[in-house]
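**Student:**
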Amino acid sequence: MSFTVPANLEAEIDELITHYPVKRSASLMLLHALQEHFGHISTEATVWIAKKLGLQPINVHELVTFYPMFRQQPAGKYVIKVCRTLSCALGGSHKLHEHFCTKLGLDPHAHGLQTTKDGKFSVEFVECLAGCGTAPVMMCNEDFHEGVSHAKADEILGKCK
Numbered sequence: 006m007s008f009t010v011p012a013n014l015e016a017e018i019d020e021l022i023t024h025y026p027v028k029r030s031a032s033l034m035l036l037h038a039l040q041e042h043f044g045h046i047s048t049e050a051t052v053w054i055a056k057k058l059g060l061q062p063i064n065v066h067e068l069v070t071f072y073p074m075f076r077q078q079p080a081g082k083y084v085i086k087v088c089r090t091l092s093c094a095l096g097g098s099h100k101l102h103e104h105f106c107t108k109l110g111l112d113p114h115a116h117g118l119q120t121t122k123d124g125k126f127s128v129e130f131v132e133c134l135a136g137c138g139t140a141p142v143m144m145c146n147e148d149f150h151e152g153v154s155h156a157k158a159d160e161i162l163g164k165c166k
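With my numbering as the guide, the letters of the sequence shown map in order to residues 6 to 166.
1. Between the stretch 95 to 107 and the stretch 63 to 80, do at least 3 Cβ pairs fall closer than 8 angstroms?
2. Between the C-alpha atoms of THR139 and GLY152, what's the straight-line distance to the nearest angstrom?
3. Measuring CA to CA, which of HIS155, ILE85, ARG76, SER32 is closest to GLN61?
4. Are the stretch 46 to 62 and the stretch 15 to 35 touching by the rule of at least three beta carbon pairs closer than 8 angstroms?
5. Which residues does DSSP list as the beta-bridge partners of ILE85?
6. Within this structure, are the beta carbons of TRP53 and PHE8 separated by less than 8 angstroms?
7. Under a Cβ-count criterion, where at least 16 other Cβ atoms within 10 Å of its own Cβ denotes burial, should LYS86 be classed as buried or exposed?
8. State yes or no: is the C-beta of THR120 within less than 8 angstroms of the C-beta of GLY110?
9. Checking 8 angstroms against the spacing of the C-beta atoms, do CYS93 and VAL128 come in under that value?
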C-alpha cells in the first residue's frame, strides 16, 4: 500500500519543520497535521513521519500510543472522550462512559476507540482531560464539558447533527 501526502500539505510540513532547531521536535506537530488531514494516524503515516524526521518508526509510534489525542483508526464524525482518571472515576465517569455506549449501541466493557456502525459517533475512555475539580469531564470533538450528568450527556448527543 502506498502512502502519499498531498503536495500542499507536505510543503506546509516542510515549512513547519524549519521552526524547530532539531527536526525530532516537530514530531507532535506532524502527527497533528496528518491526523487532521487523514482522520487518524496509520502505520504508513508513522513510517512517513519517521522518514521525514530522520527517526525510527518506533520513535513516532511511541508518541501515537502515548498521547490520547492521536487515533490509530478512523473515528466517527463526533468523537466522545470520557476522562477515566481518579477524580473523574470517583465522580462517575465509568457510569458516564457506560451511558454513552449503551445509548449508541456500543460495548461499555470494550477497550479503546469504538465507532457506531453508521460512522457518526466514536466513544473512548482517555487519560486526564485536566478538569479534576469538575468531574466527570468529557470532550465531544473539541468541546470540553464539565460535571456531565446523564441528562447533560443526552443533551450533548442531541446537539450532534
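Just so you know, even glycine gets a beta-carbon here, dropped at the ideal spot from N, CA and C.
**Tutor:** Considering the structure as presented:
1. no
2. 5 angstroms
3. SER32
4. yes
5. VAL128, CYS145
6. yes
7. buried
8. no
9. no
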